[in-house]
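Asks: In the UniProt record's numbering, the protein residues as written are 1 to 163.
1. From the DSSP secondary-structure annotation, give me the bridge partner or partners of residue 33.
2. Who are the Cβ neighbours of residue 106 in its own chain at under 6 Å, not counting the five residues just before and after it?
3. How would you call residue 9, buried or exposed, if buried means at least 16 neighbouring beta carbons within 10 angstroms?
4. Figure out for me which residue from 33, 157, 27 and 20 has the closest Cα to the Cα of residue 96.
5. Quick check on residue 32: buried or exposed, where buried means 16 or more other Cβ atoms within 10 Å of its Cβ?
6. If we ignore side chains and look at the alpha-carbon of each, how far apart do residue 52 and residue 102 end up?
7. Output yes or no for whether 9 Å exceeds the beta carbon distance between residue 6 and residue 39.
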């Protein structure tokens, strides 16, 4: 997916939308959507947030901006009090989970043996499979950035960052 049009077509299909349905949701013609997907034109910039919302992604993802993979840094230079844990789960059944927590708070909950969030369905199962204690160990070793990026064969997506 190198072009904006290819990404629009991909995400539209992932959501099970026709060009006509997407056009109606964006208040444009089906021909406009077709032109976007064939890279003949691009959507108006004011439509980018709406498209991202409909697809359950960020505008950056729609535009093809990739977040850097995890990087190793010197833990002595990391202010753990300013780190944020970001979790994003998009399940094929339509579950959307976005969590943003101070990393220090996550560690308090880890010491108590419970985390302050849960979810039902596929997203809940995905959350149960994450070993937050291991993620904490990685962060304290100086690994930051995108730590987990999984897309299952049935379309579930799990992403975890510590920034």
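Positions of the beta carbon are idealized from the N, C-alpha and C atoms, including for glycine.
Every value quoted in this text rests on a predicted model; they were computed, and no experiment measured them.
Replies: With the given structure in hand:
1. BP columns for residue 33 are empty, so no partner.
2. 85
3. buried
4. For residue 96, the nearest C-alpha among the options comes from 157.
5. That one is buried.
6. 25 Å
7. yes
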